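Here's the structure, in structure tokens; my notes come after.
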Amino acid sequence: MNMSLTVILRTLLYASLAFMVYDFVKIQQQFELMKRGYLDGFSVYISKLPGQLFIVITIILLLMNVIQLVVVKKNKQAKIKDYILPEYDVSDERSIEVTGKAVRISFVFILFYSFFILGSYMFIPNYFLDYIWYPMFSTASIPIVGLIIYLISFRVIYSR
2 MNMSLTVILR TLLYASLAFM VYDFVKIQQQ FELMKRGYLD GFSVYISKLP GQLFIVITII
62 LLLMNVIQLV VVKKNKQAKI KDYILPEYDV SDERSIEVTG KAVRISFVFI LFYSFFILGS
122 YMFIPNYFLD YIWYPMFSTA SIPIVGLIIY LISFRVIYSR
């Protein structure tokens with residue numbers, strides 16, 4: 002399976018989940034503002050598109066994984082790694098080594114990125130009522146950035 006396609010689909014899955022949850026959190030915010038007396042009432046429009054996008058991307062990922070499972074199952078000497086890691090060919094030792102390095106780089110980046118993103122919440126007073134989008138989308142960006150760094154580092158290391 003093409004690693005770029007897998008990473009893009011996983012990234013889209015996280016992004017579509019964040020957009021799908023946004024409507025729910027926005028309604029919760031409006032109820033909280035109404036409870037505190039800032040609003041007398043509010044109207045809501047919930048789009049079906051984020052939910053539909055999430056379902057479509059999930060189905061595509063599931064189909065790709067089933068196809069990967071069928072292809073690997075045809076190989077009589079397949080190991081458990083072949084089933085679990087669809088991004089690369091397990092028989093290629095260089096690809097395994099490059100993946101290990103790319104995972105380490107992306108993990109270190111995720112640790113630093115998470116520290117700064119979660120630390121930035123201190124600078125937004127009362128973020129739930131004023132900046133509802135910031136904590137949700139910044140938290141959702143952590144795995145997205147990790148996947149993108151993984152893809153970039155894999156491509157750079159593999160091209161050397």
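Our numbering puts the sequence shown at residues 2 to 161.
Backbone N, C-alpha and C fix where the C-beta goes; we use that ideal spot for every residue, glycine too.
None of the values given here were measured: they were computed from a predicted structure.
(request) Find the nearest neighbour of Tyr15 within the set Ser139, Ser48, Phe43, judged by alpha-carbon distance. (result) Start at 1 with the first residue of the sequence shown, and residue 15 comes out as number 14. A check of alpha carbon separations from Tyr15 across Ser139, Ser48, Phe43 identifies Ser139 as the nearest.
(message) Rounding to the nearest angstrom, what Cα-Cα distance links Pro144 and Glu94 in this structure?
(response) As a working note, residue 144 is residue 143 in the sequence shown. As a working note, residue 94 is residue 93 in the sequence shown. Their backbone Cα atoms lie some 27 Å apart in a straight line.
(request) Measure the alpha-carbon distance for Ser48 versus Met4 and round it to whole angstroms. (result) Within the sequence shown, numbered from 1, the residue matching residue 48 stands at position 47. Within the sequence shown, numbered from 1, the residue matching residue 4 stands at position 3. Separation of Ser48 and Met4 (C-alpha to C-alpha, rounded to the nearest whole angstrom) is 31 Å.
(request) Can you grab the Cα-Cα spacing for the pair Met35 / Gly120, in whole Å? (result) For the purposes of this step, residue 35 is taken as the residue at position 34 of the sequence shown. For the purposes of this step, residue 120 is taken as the residue at position 119 of the sequence shown. Cα to Cα, Met35 sits roughly 29 Å from Gly120.
(message) Check for me: the alpha helix (DSSP H) holding Gly120 runs from which residue to which?
(response) The sequence position of residue 120 within the sequence shown is 119, counting from 1. For Gly120, the enclosing alpha helix (DSSP H) starts and ends at 94-121.
(message) Can you check which of these residues, Thr12, Pro136, Gln31, is closest to Ile58 by C-alpha distance?
(response) On the sequence shown, position 57 is the one that residue 58 refers to. Among Thr12, Pro136, Gln31, the Cα nearest to that of Ile58 belongs to Thr12.
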